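Top to bottom, those sequences are chains A and B. The numbering used here puts the first residue of the first sequence at 1, with every later residue one more than the last. The numbering used here puts the first residue of the second sequence at 1, with every later residue one more than the last. Even glycine gets a Cβ: it sits at the ideal position worked out from N, Cα and C. Model, not experiment: these values are computed from the prediction. Notes follow once the structure below has been shown.
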Amino acid sequence: MTALAALIRRDIRIALRVGGGALIGVLFFLTVVVLMPFAVGPDLALLSRLGPAILWLGALLASLLTLDRLFMADHEDGSLDLITMSRTPLELACAAKALAHWLAAGLPLIVATPVLGLLLNLDMVATGAVALTLLAGTPALTFTGMIGAALAVTLHRGGLLMAVLVLPLSIPVLIFGVAASQAAITGPLSFGAPFSILCALSLVSLVIGPFAAAASLKHGLD
Amino acid sequence: MTLTDLANPTRFLALSARVLPWLAAATVILLTIGLYQSATAPDDYQQGATVKIMFIHVPNAWLSMFVWGVMSVASLGTLVWRHPLADVAAKAAAPIGASFTFLALLTGSLWGRPMWGTYWEWDARLTSVLILFLMYLGLMALWRAVEDPSRAARAAAVLTLVGAINLPIIKFSVDWWNTLHQPASVMRMGASTLDKSFLIPLLVMAVAFTLLFVTLHMAAMRNEILRRRVRSLQMMQASRVAFSSEVGTGSREENASKGVA
């Protein structure tokens, strides 16, 4: 347990220091949202209707962008080999790393959501709904994305290949995230059903992600 | 003859060389019967002659999912039992599965044009088949991104199994999304039970297409095994050339070539 706590503390500390790049994701998120009015026009009514979808897409892309940091730096300096050979089960170590990554790169996205909601003319309820669904949904993005990150690090190919592999897997999260936000804002559906499915998706990926990532690290690294 | 006997690629090549002509013949015969029956099947009272697209479309759609199942079993073989032919089977199946999926999409959109008035409808089934197609392409990209086949095999096996778990979830969520956004504007197939005059040709075609897949898959596996042999021979030759030019003496080269012969 202390080993896992130490791993989480170390990963967060590395991510927040110079060269860690945890906050790059937020900057990217901000830029994507700012770009959107240039594409669809400065119509506030339209922007507030598209708001939840824009915020979800931005958060999805931002969390994808920071994912290849999850294992790559550790692989380069050799600490990934130490983690693989340590007495802690690799599955748990992977889960701890993903948790740390979510705390460092996922939570700032949610904190930034209210500010970005202002830019998109979202009211209090809508912003709250989007932030809540992001809080429930981004763990799923991190934990399924971790599989792609593990594959990329064993193949020495990151970037585009990982995006192509991970994006189709994140479709359900996107569907239910946007659906729950829309349900809270306009109705007519209840907020509970899509939101609980969103939570279920996060929990399922919490189980599958570490096992698949650990399997691909175990089989892939030599 | 068990699965472990087939672990020897040479034995697999010998066996498949004997089986393949029979399989191909059975495929051709069944396809001919199925196509003849589909052509002579009566027109639908509502859809007219366009219903005949179904006899091609449905087997393709069925195989698009069946092939992913075959690849998942092969991936288990790669990861759990380290069966040497499992990754060959998984790799050979991916392009075939992608082709079947593409044909299902293509025939579906050709069918949709007269029925729905548009080539593409964001219908739940079409959308989830499109996502399946994207995942096939991603898997093929993964195979192509890595030079070492065994390393690529394990990565692709993990991704295939993750896909096998995720595909039902994606299917479910796309269904949900679709009913939310556009309530049943699409005509539903299969709500009424199929008449026998449609069902029998359809079943014949399904069996014929499955046989077609087995034939193509076996041939592709043979090609893959031979391709790997050619690759390792080329690498041996390249290393020999490099070695001999490094040493620069003729006698070493002669010895090396004798050793291989």
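- When Cβ-Cβ separations below 8 Å define contact, S75 (chain B) makes no contact with chain A.
- For S173 (chain B), there are no CB contacts under 7 Å within the same chain when 5 residues up- and downstream are skipped.
- Apart from sequence neighbours up to five positions away, the residues of its chain that approach I110 (chain A) with a beta-carbon distance below 6 Å are A131, L134, L135, ordered along the chain.
- Fewer than three beta-carbon pairs drawn from the segment 92-104 of chain B and the segment 114-124 of chain B are found closer than 8 Å, and the two stretches are therefore not classed as touching.
- With distances taken between CA atoms, M36 (chain A) lies nearest to A:A53 out of A:A22, A:A53, A:I171.
- In summary, L7 (chain A) is buried, with 16 or more beta-carbon neighbours lying within 10 Å of its beta-carbon over all protein chains present.
- Considering only beta carbons, the part of the segment 146-169 of chain B lying closer than 7 Å to chain A consists of V146, R151, R154, A155, V158, L159, V162, I165, N166, I169, in chain order.
- Taking a C-beta distance under 8 Å as the contact criterion, C94 (chain A) and A179 (chain A) do not qualify as a contact pair.
- One Cα belongs to D43 (chain B), the other to G117 (chain B), and the distance between them is close to 19 Å.
- Contact annotation: A22 (chain A) and A105 (chain A) have beta-carbon atoms nearer than 8 Å.
- Beta-carbon to beta-carbon, V166 (chain A) and G145 (chain A) are separated by about 5 Å, close enough to satisfy the 8 Å threshold.
- When Cβ-Cβ separations below 8 Å define contact, M140 (chain B) makes no contact with chain A.
- Contact between L20 (chain B) and M218 (chain B) holds: CB atoms are separated by about 6 Å, below the 8 Å threshold.
- By a beta-carbon distance limit of 8 Å, V158 (chain B) does not contact A152 (chain B). Their separation comes to about 11 Å.
- In chain A, no part has a C-beta under 9 Å from the C-beta of M71 (chain B); the shortest such distance is about 15 Å.
- Secondary structure note for F55 (chain B): its alpha helix (DSSP H) is the uninterrupted segment 53-76.
- Taking CB atoms only, V130 (chain A) has no neighbour in chain B less than 8 Å away.
- The C-beta distance from M205 (chain B) to F55 (chain B) rounds to 5 Å, short enough to fall under 8 Å.
- At a cut-off of 8 Å between C-beta atoms, W177 (chain B) counts as an interface residue with respect to chain A.
- The beta carbons of A61 (chain B) and S75 (chain B) sit about 22 Å from each other, so the pair does not count as a contact at 8 Å.
- Rounded to the nearest whole angstrom, the CA to CA distance from T32 (chain B) to P139 (chain A) is 52 Å.
- The C-alpha of I200 (chain B) lies about 51 Å from the C-alpha of L221 (chain A).
- Taking the C-beta atoms as reference points, L119 (chain A) is found no nearer than 8 Å to V40 (chain A).
- For the segment 117-140 of chain B, the beta-carbon criterion of a distance under 7 Å to any beta-carbon of chain A is satisfied by I131, L134, M135, G138.
- At least 8 Å separates the CB of V153 (chain A) from every CB of chain B.
- Here the C-alpha atom of P188 (chain A) lies approximately 23 Å from the C-alpha atom of K171 (chain B).
- No Cβ of chain B is located within less than 8 Å of the beta carbon of A93 (chain A).
- In the structure shown, the three-state DSSP call for P84 (chain B) is coil.
- Using a CB distance below 7 Å, the part of the segment 165-186 of chain A facing chain B consists of L165, P168, L169, I171, P172, I175, F176, A179, ordered along the chain.
- Against chain B, the CB of S190 (chain A) has no partner CB under 8 Å away; the residue lies outside that interface.
- Within chain A, no residue has its CB atom less than 8 Å from the CB of S232 (chain B), the nearest being about 19 Å off.
- By the C-beta criterion, the segment 65-83 of chain B is judged not to be in contact with the segment 104-115 of chain B, since fewer than 3 inter-stretch pairs fall below 8 Å.
- Residue range 124-155 is occupied by the alpha helix (DSSP H) that includes F143 (chain A).
- Chain A places no beta carbon closer than 8 Å to that of L15 (chain B), leaving this residue out of the contacts.
- Distance from the CA atom of A152 (chain A) to the CA atom of L67 (chain A), rounded to whole angstroms, is 10 Å.
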